[in-house]
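Inspection log for the structure reproduced underneath, given as structure tokens.
There are 2 protein chains.
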Amino acid sequence: MKVAIDAMGGDFAPDEIVRGAVDAAREYGCQIILVGDEEKITPLLDKAGDWRAMGISVHHASQVIEMTDHPGAAIRKKKDASVVVATRLVKQGQCDVVISAGSTGAAVAAAHFGLGRISGIERPTIATPMPNLAGTTILLDSGANTDAKPKHLLQSAVMGSIYAEYVLGIKKPRVGLLNIGEEETKGNDQVLATYPLLQHAKTLNFIGNVEGRDIPKGGVDVVVCDGFVGNIVLKFGEGLAGAILQLVKDAIKNAGFLAKTASLLVLPALRGLKKKLDYAEYGGAPLLGVDGGFIICHGSSKAKAIKNAVRVAKEFAEKKVVEHIRENIAKEGNIANED
Amino acid sequence: MKVAIDAMGGDFAPDEIVRGAVDAAREYGCQIILVGDEEKITPLLDKAGDWRAMGISVHHASQVIEMTDHPGAAIRKKKDASVVVATRLVKQGQCDVVISAGSTGAAVAAAHFGLGRISGIERPTIATPMPNLAGTTILLDSGANTDAKPKHLLQSAVMGSIYAEYVLGIKKPRVGLLNIGEEETKGNDQVLATYPLLQHAKTLNFIGNVEGRDIPKGGVDVVVCDGFVGNIVLKFGEGLAGAILQLVKDAIKNAGFLAKTASLLVLPALRGLKKKLDYAEYGGAPLLGVDGGFIICHGSSKAKAIKNAVRVAKEFAEKKVVEHIRENIAKEGNIANED
Numbered sequence: 001m002k003v004a005i006d007a008m009g010g011d012f013a014p015d016e017i018v019r020g021a022v023d024a025a026r027e028y029g030c031q032i033i034l035v036g037d038e039e040k041i042t043p044l045l046d047k048a049g050d051w052r053a054m055g056i057s058v059h060h061a062s063q064v065i066e067m068t069d070h071p072g073a074a075i076r077k078k079k080d081a082s083v084v085v086a087t088r089l090v091k092q093g094q095c096d097v098v099i100s101a102g103s104t105g106a107a108v109a110a111a112h113f114g115l116g117r118i119s120g121i122e123r124p125t126i127a128t129p130m131p132n133l134a135g136t137t138i139l140l141d142s143g144a145n146t147d148a149k150p151k152h153l154l155q156s157a158v159m160g161s162i163y164a165e166y167v168l169g170i171k172k173p174r175v176g177l178l179n180i181g182e183e184e185t186k187g188n189d190q191v192l193a194t195y196p197l198l199q200h201a202k203t204l205n206f207i208g209n210v211e212g213r214d215i216p217k218g219g220v221d222v223v224v225c226d227g228f229v230g231n232i233v234l235k236f237g238e239g240l241a242g243a244i245l246q247l248v249k250d251a252i253k254n255a256g257f258l259a260k261t262a263s264l265l266v267l268p269a270l271r272g273l274k275k276k277l278d279y280a281e282y283g284g285a286p287l288l289g290v291d292g293g294f295i296i297c298h299g300s301s302k303a304k305a306i307k308n309a310v311r312v313a314k315e316f317a318e319k320k321v322v323e324h325i326r327e328n329i330a331k332e333g334n335i336a337n338e339d
Numbered sequence: 001m002k003v004a005i006d007a008m009g010g011d012f013a014p015d016e017i018v019r020g021a022v023d024a025a026r027e028y029g030c031q032i033i034l035v036g037d038e039e040k041i042t043p044l045l046d047k048a049g050d051w052r053a054m055g056i057s058v059h060h061a062s063q064v065i066e067m068t069d070h071p072g073a074a075i076r077k078k079k080d081a082s083v084v085v086a087t088r089l090v091k092q093g094q095c096d097v098v099i100s101a102g103s104t105g106a107a108v109a110a111a112h113f114g115l116g117r118i119s120g121i122e123r124p125t126i127a128t129p130m131p132n133l134a135g136t137t138i139l140l141d142s143g144a145n146t147d148a149k150p151k152h153l154l155q156s157a158v159m160g161s162i163y164a165e166y167v168l169g170i171k172k173p174r175v176g177l178l179n180i181g182e183e184e185t186k187g188n189d190q191v192l193a194t195y196p197l198l199q200h201a202k203t204l205n206f207i208g209n210v211e212g213r214d215i216p217k218g219g220v221d222v223v224v225c226d227g228f229v230g231n232i233v234l235k236f237g238e239g240l241a242g243a244i245l246q247l248v249k250d251a252i253k254n255a256g257f258l259a260k261t262a263s264l265l266v267l268p269a270l271r272g273l274k275k276k277l278d279y280a281e282y283g284g285a286p287l288l289g290v291d292g293g294f295i296i297c298h299g300s301s302k303a304k305a306i307k308n309a310v311r312v313a314k315e316f317a318e319k320k321v322v323e324h325i326r327e328n329i330a331k332e333g334n335i336a337n338e339d
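Chains A and B supply the protein sequences, listed in that same order. First residue of the first sequence? That's 1 in full-length UniProt numbering, and the numbers climb one at a time after it. First residue of the second sequence? That's 1 in full-length UniProt numbering, and the numbers climb one at a time after it.
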């Protein structure tokens, strides 16, 4: 298994990206190609020891896409940008999966144009794993496709279900449509038109509408929504979890001397909890629907997130997610192409 | 100040509604008219002592709108439904504000048709206060108007800003547009078209786009979004906060004997935290844009929430929110009626 990592993408690139790649090579034993500015990457690798023996190599790319660049235009103009070159390595069969923590818009554009789409899929979708009280929920789309049409949400649902089944190992994943009420008659025009498409899909275990509160409860395995809604939910959840843990810490600190002493015993438990809620543990979110592996990482990814993204990439390739999506989309037939 | 309370609306009606009304009459000393089935309400009141002396009266209404009723149709057919009658009392000037914990759809319909809209407002909007690390954020719309047009979001923004200023006491409230990125060029068609309207509004302190994570941080006072998005965010937040507090408790419980002992000291602090995150403390969310006071409560409201809703109703009337909205919408001129 070979992974191409965009070494120049992300708030902490290239340092943390390179560190994560080294950690992943050590832990997972897969081959890693770091793509980016050779002169910056090589010295960082040299510090880590005999990186060539670990299965790491460097592929030079002279350009970088900045957060301020317009994604579509940047992909077309900067043909030697690290994320574009890394994607090309997968297209040419030299690698199995790309990982990037750079601009999400640029990553989606690079994947879309560089790898093409799986037949029957019109829009790629980002599938983000979220922790819940019982395990993990896949939220998709979490930001690739805003203003999705109902047929795009159906395509998302089929892809998310495949991912939950083959990567998370959930038999017949429960697929829910994110809505403002459980009743079939609730919602905006977009979800009202999507409901019957999901209901009649051949490859889905559709459980109907779900509400925001069902996500943390864990009553649903795959939550389908527009990329605009998904991205807002995801970032709100991230912020809220952080704020609540801060409040818990403050509450303990301010509870007087005895509670303070007690907190020394309780804090390790809280750290365990923080780990459970830490998105870095999940590593990255696959971009589903493009014809190849592509894992998108949080812009603020540090070494740990990158290492875990390599684990996600490995599972993605080994479980043959692209092939399974292709099969199931074909089974859905014309429904995937409805207007 | 007189409040009409829909005694038959909500999961715990009429018992908890009546209990909340009694508590509110005692604490806030305002006059309360309980609207609903006299035969059910009076015995509950009798248990509380001399309720007439507390300023409580009962106004009989023979019908109830069920959660399964279609809101619009139910409002037209059930002319003697408790929420319809309570709304009529406000329209006729016998009361200042209505409170209902019944079906939100029915409440919005009853208010819309019973009170009419403030001139220049096309769609009412639910303004929900959410706790953040620094204080309170007003989220609107949290479910009255899905598929909002940009001009509706502008109207929401003006109303939310008034509410934050006069009821929360925030000078020049910071108004943000909920989006998937801070850049002006980010978002779906709806928010892209809304941005310039907010930017050019005369009565707003518009700070641009905000992301989901900005809500719990408290970097914004009024968050403007479509009712579909707002409702999902609100319920997701409710569920996530509950789930995290559960995880904190479990983590403490499972941390061994010493931590368990310690937790006895820490739990009071956690309870304080829970109170901060408890939506019942906020009591209710005003429906803004209708020509009169209308406070919508959570369906699962118990006595405490109803009591606090009376506090919200009192502030709403005393701070003359409707009048201030009317003035500011007039100042915005034609912009409020753009297509």
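Cβ atoms here follow ideal geometry from the backbone N, Cα and C, with glycine treated the same way.
Going along the chain, which residues of its own chain have a beta-carbon closer than 8 Å to the beta-carbon of residue i, five neighbours each way excluded?
i: N205(B); result: S161, K172, P173, R174, V175
i: K274(A); result: L245
i: E183(A); result: N209
i: L133(A); result: P216, K217, G218
By the three-class DSSP mapping on this structure, what secondary structure does residue i have?
i: R88(B); result: helix
i: I180(A); result: coil
i: P131(B); result: strand
i: I126(B); result: strand
i: S161(B); result: helix
i: N188(A); result: coil
i: T42(A); result: helix
i: L277(A); result: helix
i: L168(A); result: coil
i: D291(B); result: coil
i: V248(B); result: helix
i: F206(B); result: strand
i: H298(A); result: coil
i: G272(A); result: helix
i: T68(B); result: coil
Name, please, each residue of chain A whose Cβ falls closer than 9 Å to the Cβ of residue i.
i: E211(B); result: N231, I232, K235, F236, G239
If you measure from the beta carbon of residue i to each beta carbon in chain A, is any gap under 8 Å?
i: T87(B); result: no
i: G143(B); result: yes
Going along chain A in order, which residues have a C-beta closer than 8 Å to the C-beta of residue i?
i: Q246(B); result: L133
i: K77(B); result: Going along chain A, no residue has its Cβ under 8 Å from K77(B), so there is no contact; the nearest lies around 17 Å.
i: G187(B); result: T146, F228
i: K217(B); result: G239, A243
By the criterion of Cβ-Cβ separation under 7 Å, what are the contact partners of residue i in chain B?
i: residue 342(A); result: In the structure as shown, chain A begins at 1 and stops at 339. Residue 342(A) is therefore absent and cannot be evaluated.
Going by beta carbon distance, what residues of the same chain come within less than 7 Å of residue i, once the five residues before and after it are set aside?
i: T104(A); result: G143, I296
i: K276(B); result: P131
i: E281(A); result: K275, N308
i: A25(B); result: I32, M54, G55, I56
i: Y28(B); result: V310, R311, K314
Which whole-angstrom value is the C-beta distance of residue i and residue j, which I expect to be below 8 Å?
i: G36(A); j: D69(A); result: About 16 Å; that fails the 8 Å criterion.
i: Y166(A); j: K319(A); result: 4 Å
i: residue 371(A); j: A305(A); result: In the structure displayed, chain A extends from 1 to 339; residue 371(A) sits before or after that span and is not available.
i: V83(B); j: G102(B); result: 5 Å
i: P286(A); j: A109(A); result: Contact flag wrong, Cβ pair sits at about 16 Å.
i: A111(A); j: T87(A); result: 6 Å
i: T203(B); j: E332(B); result: 6 Å
Mind checking if residue i is an interface residue toward chain B, Cβ cutoff 8 Å exclusive?
i: D147(A); result: yes
i: V107(A); result: The sequence given here has Ala at residue 107(A), not Val. No - not a single Cβ of chain B is within 8 Å of the one on A107(A).
i: N308(A); result: no
i: A243(A); result: yes
Quick one: which chain B residues come within Cβ less than 8 Å of residue i?
i: K276(A); result: L247
i: L178(A); result: I232
For residue i, which residues in the same chain have their Cβ closer than 6 Å to its Cβ, ignoring the five residues on either side in sequence?
i: D80(B); result: A61, S62, Q63
i: C225(A); result: L178
i: A74(A); result: I65, A106
Run through chain B and tell me which residues come within less than 9 Å of residue i, C-beta to C-beta.
i: P14(A); result: Those do not exist, as P14(A) stays about 24 Å from chain B at its closest Cβ, beyond 9 Å.
i: P286(A); result: Result: empty, since nearest Cβ-Cβ is about 19 Å, beyond 9 Å.
Taking Cβ positions only, does residue i come closer than 8 Å to chain D?
i: G143(B); result: In the displayed structure, chain D is absent; the protein chains listed are A and B.
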